[in-house]
């Protein structure tokens with residue numbers, strides 16, 4: 001048995017919704033993709049396609065994205081964060097998105113609000129942190145499915161839905 005095994009720190013994962021402790025530091029970040037559900041992607045793709053068809057008939061240039069692009073969701077940054085409580089226990093939680101670099105410094109007293117993730121093998125997710133040293137509340141921001149689809153595509157989908165509604169109303173009236 002070598003020295004690294006003797007001094008290996010035990011990391012706790014599943015914890016209560018609120019943890020108060022000292023900020024130990026960030027671990028290596030990586031990206032994770034949020035998938036967009038097939039029904040939502042197909043609905044937006046088809047209704048936007050109707051608007052794109054109307055726009056092309058009017059010789060306007062519509063924004064185009066493939067169904068594959070829509071299904072591939074936004075990527076967001078995942079950063080494991082470590083905290084140590086007053087008893088010396090270390091907790092690892094995941095922060096999705098980013099905070100300003102100057103928001104947390106090693107040794108700051110923080111209180112974090114967490115929630116479990118769908119995949120129970122993953123650490124809990126940080127939803128909000130209050131730096132009690134500076135009294136600054138912080139919330140990491142991540143891209144959403146709606147921001148991934150984009151305003152242009154969503155407006156086209158809404159216009160396509162209106163056109164489809166008008167055509168259906170004319171057919172059945």
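In full-length UniProt numbering, the protein residues as written are 1 to 173. Glycine is no exception: its CB is placed at the ideal position from the N, C-alpha and C atoms.
query                                                                                                                                 : result
Let me know the secondary structure DSSP gives residue 20 once reduced to three states.                                               : strand
May I ask which residues mark the beginning and end of the alpha helix (DSSP H) holding residue 153?                                  : 151 to 171
Is the CB-CB distance between residue 83 and residue 19 below 8 Å?                                                                    : yes
DSSP on residue 88, reduced to helix/strand/coil?                                                                                     : coil
Check whether the Cβ atoms of residue 69 and residue 21 lie closer than 8 Å to each other.                                            : no
Would you kindly check if the distance between the Cβ of residue 126 and the Cβ of residue 109 is under 8 Å?                          : no
If the criterion is Cβ atoms closer than 8 Å, does the pair residue 140 and residue 97 meet it?                                       : yes
For residue 172, count neighbouring Cβ atoms within 10 angstroms of its own Cβ and tell me buried if that reaches 16, exposed if not. : exposed
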